[in-house]
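Number of protein chains: 2
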Amino acid sequence: MAVTLADVAARARVSPATVSRVLSGKYPVAEPTRARVLRAVDELEYVANGPASALAAATSDLVGIVVADIADPFFGILAGAVQSEISAAGRAGGAGEKLPVVCSTGGRTERELTCLTLLQRQRAAAVVVAGGGAERPEDAAAVAAKLARLAASGTRVVLCGRPPVADAVTLAFDHRGGARRLTEHLLSLGHRRFGYVAGPPGRTTTGDRLAGHRAALAAAGVGHSARLVLHGPYDRASGYAATVELLRRDPGLTAVVAANDTVALGVCAALRDQGRRVPGDVSVAGFDDLPFSRDAAPALTTVRLPLREAGARAGRLALGREERPPGGVATVRGELVARASTAPPRPQGGDADRANRLTPIT
Amino acid sequence: MAVTLADVAARARVSPATVSRVLSGKYPVAEPTRARVLRAVDELEYVANGPASALAAATSDLVGIVVADIADPFFGILAGAVQSEISAAGRAGGAGEKLPVVCSTGGRTERELTCLTLLQRQRAAAVVVAGGGAERPEDAAAVAAKLARLAASGTRVVLCGRPPVADAVTLAFDHRGGARRLTEHLLSLGHRRFGYVAGPPGRTTTGDRLAGHRAALAAAGVGHSARLVLHGPYDRASGYAATVELLRRDPGLTAVVAANDTVALGVCAALRDQGRRVPGDVSVAGFDDLPFSRDAAPALTTVRLPLREAGARAGRLALGREERPPGGVATVRGELVARASTAPPRPQGGDADRANRLTPIT
DNA sequence: TTGAAAGCGTTACCAA
DNA sequence: TTGGTAACGCTTTCAA
Numbered sequence: 014m015a016v017t018l019a020d021v022a023a024r025a026r027v028s029p030a031t032v033s034r035v036l037s038g039k040y041p042v043a044e045p046t047r048a049r050v051l052r053a054v055d056e057l058e059y060v061a062n063g064p065a066s067a068l069a070a071a072t073s074d075l076v077g078i079v080v081a082d083i084a085d086p087f088f089g090i091l092a093g094a095v096q097s098e099i100s101a102a103g104r105a106g107g108a109g110e111k112l113p114v115v116c117s118t119g120g121r122t123e124r125e126l127t128c129l130t131l132l133q134r135q136r137a138a139a140v141v142v143a144g145g146g147a148e149r150p151e152d153a154a155a156v157a158a159k160l161a162r163l164a165a166s167g168t169r170v171v172l173c174g175r176p177p178v179a180d181a182v183t184l185a186f187d188h189r190g191g192a193r194r195l196t197e198h199l200l201s202l203g204h205r206r207f208g209y210v211a212g213p214p215g216r217t218t219t220g221d222r223l224a225g226h227r228a229a230l231a232a233a234g235v236g237h238s239a240r241l242v243l244h245g246p247y248d249r250a251s252g253y254a255a256t257v258e259l260l261r262r263d264p265g266l267t268a269v270v271a272a273n274d275t276v277a278l279g280v281c282a283a284l285r286d287q288g289r290r291v292p293g294d295v296s297v298a299g300f301d302d303l304p305f306s307r308d309a310a311p312a313l314t315t316v317r318l319p320l321r322e323a324g325a326r327a328g329r330l331a332l333g334r335e336e337r338p339p340g341g342v343a344t345v346r347g348e349l350v351a352r353a354s355t356a357p358p359r360p361q362g363g364d365a366d367r368a369n370r371l372t373p374i375t
Numbered sequence: 014m015a016v017t018l019a020d021v022a023a024r025a026r027v028s029p030a031t032v033s034r035v036l037s038g039k040y041p042v043a044e045p046t047r048a049r050v051l052r053a054v055d056e057l058e059y060v061a062n063g064p065a066s067a068l069a070a071a072t073s074d075l076v077g078i079v080v081a082d083i084a085d086p087f088f089g090i091l092a093g094a095v096q097s098e099i100s101a102a103g104r105a106g107g108a109g110e111k112l113p114v115v116c117s118t119g120g121r122t123e124r125e126l127t128c129l130t131l132l133q134r135q136r137a138a139a140v141v142v143a144g145g146g147a148e149r150p151e152d153a154a155a156v157a158a159k160l161a162r163l164a165a166s167g168t169r170v171v172l173c174g175r176p177p178v179a180d181a182v183t184l185a186f187d188h189r190g191g192a193r194r195l196t197e198h199l200l201s202l203g204h205r206r207f208g209y210v211a212g213p214p215g216r217t218t219t220g221d222r223l224a225g226h227r228a229a230l231a232a233a234g235v236g237h238s239a240r241l242v243l244h245g246p247y248d249r250a251s252g253y254a255a256t257v258e259l260l261r262r263d264p265g266l267t268a269v270v271a272a273n274d275t276v277a278l279g280v281c282a283a284l285r286d287q288g289r290r291v292p293g294d295v296s297v298a299g300f301d302d303l304p305f306s307r308d309a310a311p312a313l314t315t316v317r318l319p320l321r322e323a324g325a326r327a328g329r330l331a332l333g334r335e336e337r338p339p340g341g342v343a344t345v346r347g348e349l350v351a352r353a354s355t356a357p358p359r360p361q362g363g364d365a366d367r368a369n370r371l372t373p374i375t
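Protein chains in written order, with this note's numbering: chain A, 14 to 375; chain B, 14 to 375.
Structure (structure tokens):
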């Protein structure tokens with residue numbers, strides 16, 4: 014079978030314990046001995062048995078990164094940042110190097126629990142849970158309980174982009190504030206009739222962004238019908254279909270806010286197919302400002318979350334290389350990116366009046 | 014500490030061996046006993062110790078997916094497809110459920126070897142290596158040797174999108190054929206002066222696509238200068254910068270072929286910024302046809318690789334749920350997607366002549 | 001600074 | 001159908 018520690022020990026004429034000490038690197042070993050061991054390791058092409066180490070040490074060097082969907086660039090960027098932060102630490106391939114592993118859940122609580130169980134089974138050293146969570150109390154509680162058990166069993170838990178839970182370190186995203194500023198911006202341009210294409214129902218990200226949007230409207234005294242809020246997955250097709258329906262429900266809307274940039278692309282496409290100029294007749298806003306959106310929809314107004322920075326920080330927190338923020342929670346804010354200031358085409362009397370009472374924000 | 018098999022056994026008043034059998038599910042156990050064990054598992058919230066199982070069974074339930082960059086939607090889609098195929102098998106969270114783990118290498122051989130070592134250390138059940146490999150013989154040999162060792166140690170190895178190695182099961186992508194058809198298409202429209210923005214140097218994907226392009230040009234008797242081939246990473250900035258330089262070197266080019274769609278977006282942006290209409294003055298072609306490209310560059314001509322299907326198939330091969338293709342190698346071909354048939358603006362005499370001798374393809 | 005040996009929690013073989 | 005019990009390969013006291 015495979016080469017074992019004992020084989021290396023025999024070859025280097027030392028005890029297995031010594032080899033272990035050399036490899037772990039955190040025990041004093043005489044230099045000549047050390048060299049002999051390392052040479053034996055090389056000659057034998059020894060690769061440690063991870064499971065055996067994990068069993069003996071009661072912790073593995075796996076770091077889990079749980080996301081909704083790796084095919085979604087939002088999570089791809091986030092997960093990539095976490096990974097590279099983790100891989101950057103520790104000598105390449107050396108013992109103690111962490112193996113970042115990405116799991117995707119499809120945004121389903123059930124699958125989320127499964128992933129966490131799988132990581133718990135692996136005795137992962139840390140777990141970064143990225144993206145929004147379930148809003149339903151039972152679901153949220155189930156995940157919280159699972160995370161608590163994970164933490165209790167020695168796994169470091171870091172939340173990134175979801176509400177804090179118990180005492181897990183959390184990097185919360187300010188979706189609410191971002192959506193609010195986004196909507197305030199559109200209001201300041203004079204828009205009064207909004208459509209909103211929301212993300213999947215029952216998820217905190219969806220709810221938070223929507224809440225921010227509604228808060229801005231309420232603060233401006235602009236009414237908003239629930240009929241003009243449509244939910245769907247974070248994809249282009251959802252934006253397209255929702256927009257067709259929104260226009261049917263209110264042909265006079267002048268702005269559409271989308272759950273994210275991908276959805277916004279579908280919105281733009283549908284608007285054009287329905288004969289509206291974008292921007293011009295209708296302004297479209299999105300979220301996240303992913304790299305391609307500037308090409309796909311140059312006039313999009315979005316909120317840019319510093320995904321790379323957040324991911325890197327989450328990675329450091331997972332490794333325990335960065336101090337816990339006060340209270341265990343740090344909030345990451347997005348930046349408003351307004352590429353075109355398109356006022357609505359034909360402002361109506363009453364609305365224009367109200368607009369004058371608004372203080373432009375941003 | 015954590016609940017162990019022995020705890021469950023005690024509670025269910027059976028031996029540890031029996032609990033193990035119930036959990037593994039592949040041994041006959043009397044129904045009442047089985048029920049008692051499962052109840053104990055539930056009551057105790059027992060979660061098996063993966064490392065211990067892996068040690069005893071000499072194989073873990075990890076399945077590695079090695080990609081160049083998860084932040085790149087190309088790999089995100091591919092990895093996502095592999096993952097969902099793997100997660101679909103096996104009852105959620107049950108014993109024996111595989112844990113698909115994605116690692117990214119940045120397309121660097123060194124990091125690739127590290128990832129493979131890490132997976133070898135974990136005694137992964139299978140490894141799917143996706144995306145092109147190194148062209149340099151030493152590098153290719155090093156990776157091949159590593160893969161051979163992995164395979165020898167019982168890990169199932171599946172290659173996806175890179176040249177076959179020894180006897181690893183391979184899903185090869187026909188980059189060469191795709192690039193060839195793409196170029197033939199542009200030639201059939203009358204284009205004769207091409208710029209080419211290639212991927213990172215020294216990688217098989219880059220080399221294969223370029224080879225296909227050159228083969229098409231050669232077959233058509235169209236000369237091509239190495240000065241009009243520029244290399245860079247698979248990102249937008251690379252396409253932008255390369256295009257500025259290409260136009261400097263040949264202001265009269267009528268078509269630019271890009272390493273992939275993301276690069277093509279940069280090409281389009283640069284062309285516009287340089288005062289060219291796209292399409293119109295210059296036609297742009299890309300690769301991969303990712304979801305956003307139709308919005309970002311509606312007139313792009315691309316080659317669409319069936320990424321989801323390929324990923325799913327790779328997943329099944331990794332699980333041993335799909336038969337090895339004859340010879341161990343199956344080739345995945347891309348589909349030419351031509352959204353606009355833009356002929357060059359001002360065909361030159363001699364070239365137009367030659368164009369007539371071409372048989373239009375596709 | 002090094003060695004000996006007792007676990008770590010499963011699996012799998014051999015009996016019963 | 002079940003139980004007893006060696007491995008599995010490493011880490012980590014405890015001694016020397």
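Positions of the beta carbon are idealized from the N, C-alpha and C atoms, including for glycine.
Query, Result
"For residue 299 of chain B, three-class secondary structure by DSSP", "coil"
"Contact set between residue 93 of chain A and chain B, taken where Cβ atoms lie within less than 9 Å", "82, 83, 84, 85, 117"
"Given residue 356 of chain A as reference, the closest of A:335, A:88, A:292, A:192 once Cα atoms are compared", "A:292"
"Euclidean distance between Cα positions of residue 161 of chain B and residue 48 of chain A", "28 Å"
"Simplified DSSP state of residue 306 of chain B, which is helix, strand or coil", "helix"
"Residue span of the beta strand (DSSP E) that contains residue 78 of chain A, given as start and end", "75-80"
"Members of the region 297-312 of chain B near chain A, C-beta cut-off 9 Å", "303, 304, 305, 306, 307, 308, 309, 310"
"Beta-carbon proximity check, residue 317 of chain A vs residue 282 of chain A, cutoff 9 Å", "no"
"Distance, residue 204 of chain B Cα to residue 225 of chain B Cα", "16 Å"
"Three-state secondary structure (DSSP) of residue 275 of chain A", "helix"
"Buried versus exposed call for residue 271 of chain A [16 or more other C-beta atoms within 10 Å across all chains shown]", "buried"
"Option nearest residue 241 of chain A by Cα separation, candidates A:261, A:247, A:209", "A:209"
"Partners in chain B for residue 249 of chain A, counting only beta-carbon separations shorter than 8 Å", "304, 305, 308"
"Residue interval of the beta strand (DSSP E) (run including residue 349 of chain B)", "348-351"
"Straight-line gap, residue 325 of chain A to residue 334 of chain A (C-alpha atoms, nearest Å)", "11 Å"
"Other residues of its chain near residue 59 of chain A: CB distance less than 6 Å, five sequence neighbours each side excluded", "16, 21"
"DSSP-derived helix/strand/coil call for residue 117 of chain B", "strand"
"As assigned by DSSP and simplified to three states, the class of residue 244 of chain A", "strand"
"DSSP state of residue 372 of chain A mapped onto helix, strand, coil", "Any reading at residue 372 of chain A must be qualified, since the residue scores a pLDDT of 29, below 50, and its modelled position is unreliable; the value itself is stated next. The answer is coil: DSSP assigns residue 372 of chain A none of H, G, I, E or B."
"Proximal residues to residue 372 of chain A (C-beta, below 7 Å), its chain only, five neighbours per side dropped", "Model confidence at residue 372 of chain A stands at a pLDDT of 29, short of 50, so the residue's coordinates are unreliable; what they give is reported in the following sentence. None."
"Where the alpha helix (DSSP H) containing residue 54 of chain A begins and where it ends", "44-57"
"Residue-chain proximity (residue 332 of chain B, chain A), Cβ-Cβ < 9 Å", "no"
"C-beta neighbour in chain A for residue 275 of chain B, strict 9 Å", "yes"
"Buried or exposed by the 16-neighbour rule on C-beta atoms within 10 Å, applied to residue 85 of chain A", "buried"
"Spatial distance of residue 322 of chain A from residue 114 of chain A (CA atoms)", "19 Å"
"Contact check, residue 98 of chain A vs residue 329 of chain A, beta carbons under 9 Å", "yes"
"Backbone secondary structure at residue 361 of chain B - three-state DSSP", "Because residue 361 of chain B sits at a pLDDT of 45, beneath the cut-off of 50, its placement in the model cannot be relied upon, and the point is left open."
"Test: residue 281 of chain B CB closer than 9 Å to a CB of chain A", "yes"
"Listed by chain order, chain B residues near residue 166 of chain A by CB distance under 7 Å", "15"
"Test: residue 64 of chain A CB closer than 9 Å to a CB of chain B", "yes"
"Under the three-state DSSP convention, the category residue 220 of chain B falls into", "helix"
"CB contact below 9 Å: residue 134 of chain A versus chain B", "yes"
"9 Å Cβ cutoff, residue 113 of chain B in contact with chain A", "yes"
"Identity of the residue in A:214, A:267, A:280, A:331 nearest residue 121 of chain A by Cα", "A:214"
"Integer-rounded CB distance, given that residue 91 of chain B should sit under 8 Å from residue 320 of chain B", "5 Å"
"Residue 83 of chain A beta carbon less than 9 Å from that of residue 96 of chain B", "yes"
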